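The structure appears below as structure tokens.
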Amino acid sequence: MKEEDYDPTAYEDLVQYLYPTETQLMSNGLSGRHNDDSTMVINWFMNYHRIILEKEFGRKK
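Heads up, the sequence shown is in the numbering used here, so the first residue is 30 and it goes up one at a time.
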């Protein structure tokens with residue numbers, strides 16, 4: 030979350046830590062604090078999870 034109240038530098042720290050590796054980081058910036066609009070966050074994650082399974086692993090619904 031853009032206004033993360035638990036750890037305001039968590040995302041930047043993660044990006045800096047993973048930058049030298051070949052890890053691909055997928056993110057989505059949402060306004061709000063921890064646990065705000067959980068339904069939208071879960072739906073976004075599930076949609077991208079499905080896309081990855083289809084594109085990278087050939088799985089269908």
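Even glycine gets a Cβ: it sits at the ideal position worked out from N, Cα and C.
As the structure is a computational prediction, the values presented were derived from the model and not from experiment.
Whole-Å CB distance - residue i paired with residue j, under 8 Å assumed
i	j	result
V70	L54	Going by Cβ atoms, the distance from V70 to L54 rounds to 16 Å, so no, they are not a contact pair.
Y40	S56	7 Å
Neighbourhood of residue i by C-beta, 7 Å cutoff - its chain only, sequence neighbours within 5 removed
i	result
W73	N57
Own chain residues within Cβ distance below 8 Å of residue i, not counting five before or after
i	result
K89	E83
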